[in-house]
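Asker:
Numbering (this note's numbering), first residue to last: 2 to 225.
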């Protein structure tokens, strides 16, 4: 079975399937799909694309069976590409569309909201699992770009950021996402301290190789 890659043609095909339906209903756009699965593949839980089909398409998107199969295959290719880039420590390039409401701006809000949406539905609660303030701090720029700290009706802004800070968050988003992935990798695969077993061999002790020579005149020379 040939594995599909996610190149320009696949990008266009998935965009063509999803984006028109996103305008009409609750289907995700391509940028949101990328963000959602970037979060999922960064965390500790296995990712089976078919299990998330209704999250992608919504309940009333109206895709037929063939289109659903196409969506799954294309998203699987996207997920494989995301995994490969993150594992290779290559920052991904977020798919960000122009903001329809603010001329000249890019819609980072939708991308970051979709990323954080994955945290709400994934099996493992990231914050309970790690319980580290530095991990929460790492996600703060994504939360800021998602508008989580903004002023709401009847509620003052939780945190405020300058325009320059927001621009920096946008520029650094690929690196921030890579750092979240790296944090999880370190958390799941901690570095183990290697301890030497047995007593330390002295320079004048018999060499353990059995040559009959002193260690300093035998195998120790090979360690130099």
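Idealized CB from N, CA, C, for every residue including glycine.
None of the values given here were measured: they were computed from a predicted structure.
Out of curiosity, what's the CA-to-CA distance linking residue 194 and residue 185?
Answerer: Taking the first residue of the chain shown as 1, we reach residue 194 at position 193. Taking the first residue of the chain shown as 1, we reach residue 185 at position 184. Model confidence at residue 194 stands at a pLDDT of 49, short of 50, so the residue's coordinates are unreliable; what they give is reported in the following sentence. Spanning the two alpha carbons is a distance of roughly 19 Å.
Asker: With burial defined as no fewer than 16 other Cβ atoms inside 10 Å of the residue's Cβ, what is the status of residue 153: buried or exposed?
Answerer: Working through the chain shown from its first residue, we reach residue 153 at position 152. Flag for residue 153 reads exposed.
Asker: Quick check on residue 22: does DSSP put it in helix, strand or coil?
Answerer: Along the chain shown, one-based indexing puts residue 22 at 21. In the three-state reduction of the DSSP assignment, residue 22 falls in the helix class, which pools H, G and I.
Asker: Among 44, 179, 20 and 46, whose alpha-carbon lies nearest the alpha-carbon of residue 34?
Answerer: For the purposes of this step, residue 34 is identified with residue 33 of the chain shown, where counting begins at 1. Ranking the options by Cα distance to residue 34, first place goes to 20.
Asker: Does DSSP put residue 175 in a helix, a strand or coil?
Answerer: Numbered from its first residue, the chain shown carries residue 175 at position 174. It is helical.
Asker: Evaluate the contact criterion for the region 42 to 56 versus the region 73 to 83: three or more CB pairs, one atom per stretch, below 8 Å.
Answerer: yes
Asker: Return the Cβ separation of residue 139 and residue 181 in integer angstroms, given the expectation that the two are a contact with Cβ distance under 8 Å.
Answerer: Within the chain shown, the letter at position 138 stands for residue 139. Within the chain shown, the letter at position 180 stands for residue 181. About 6 Å separates the two Cβ atoms, so the contact holds.
Asker: Kindly indicate the opening and closing residues of the alpha helix (DSSP H) around residue 116.
Answerer: If you number the chain shown from 1, residue 116 lands on position 115. Per DSSP, residue 116 belongs to the alpha helix (DSSP H) from 109 to 122.
Asker: In three-state DSSP terms, what is residue 91?
Answerer: As a first step, residue 91 must be located in the chain shown, where it is residue number 90. Of the three classes helix, strand and coil, the one that applies to residue 91 here is coil, per DSSP.
Asker: Taking the beta carbon of residue 189 as the centre, do at least 16 other beta carbons fall within 10 Å, making it buried, or is it exposed?
Answerer: Here residue 189 corresponds to residue number 188 of the chain shown, with the count starting at 1. Answer is exposed; the Cβ neighbour count stays below 16.
Asker: Name the two residues that bound the continuous alpha helix (DSSP H) containing residue 139.
Answerer: One-based indexing of the chain shown puts residue 139 at position 138. Following the DSSP letters along the chain, one finds residue 139 inside the alpha helix (DSSP H) bounded by residues 134 to 146.
Asker: Give me the Cα-Cα distance between residue 96 and residue 32, rounded to the nearest whole angstrom.
Answerer: Along the chain shown, read from residue 1 onward, the residue named residue 96 stands at position 95. Along the chain shown, read from residue 1 onward, the residue named residue 32 stands at position 31. So the alpha carbons of these two residues sit roughly 5 Å apart.
Asker: Does the Cβ of residue 156 have 16 or more other Cβ atoms within 10 Å, making it buried, or fewer, making it exposed?
Answerer: Locating residue 156 in the chain shown gives position 155, where the first residue counts as 1. With fewer than 16 Cβ atoms within 10 Å of its Cβ, residue 156 is classed as exposed.
Asker: Excluding the 5 residues preceding and the 5 following residue 150 in the sequence, name in chain order all residues of the same chain whose CB lies nearer than 8 Å to its CB.
Answerer: In the chain shown, residue 150 corresponds to position 149, counting from 1. Answer for residue 150: 144, 158, 159, 160, 161 and 162, listed in chain order.
Asker: Express the C-alpha separation of residue 28 and residue 22 in angstroms, rounding to a whole number.
Answerer: Here the question's residue 22 lines up with position 21 in the chain shown. Here the question's residue 28 lines up with position 27 in the chain shown. The straight-line gap from Cα to Cα measures roughly 6 Å.
Asker: Exposed or buried, residue 114, counting other C-beta atoms within 10 Å across all chains shown (16 or more means buried)?
Answerer: Looking up residue 114 in the chain shown gives position 113. Buried is the call here.
Asker: Could you give the first and the last residue of the continuous alpha helix (DSSP H) run that contains residue 36?
Answerer: The residue given as residue 36 occupies position 35 in the chain shown. Unbroken alpha helix (DSSP H) run through residue 36: 31 to 43.
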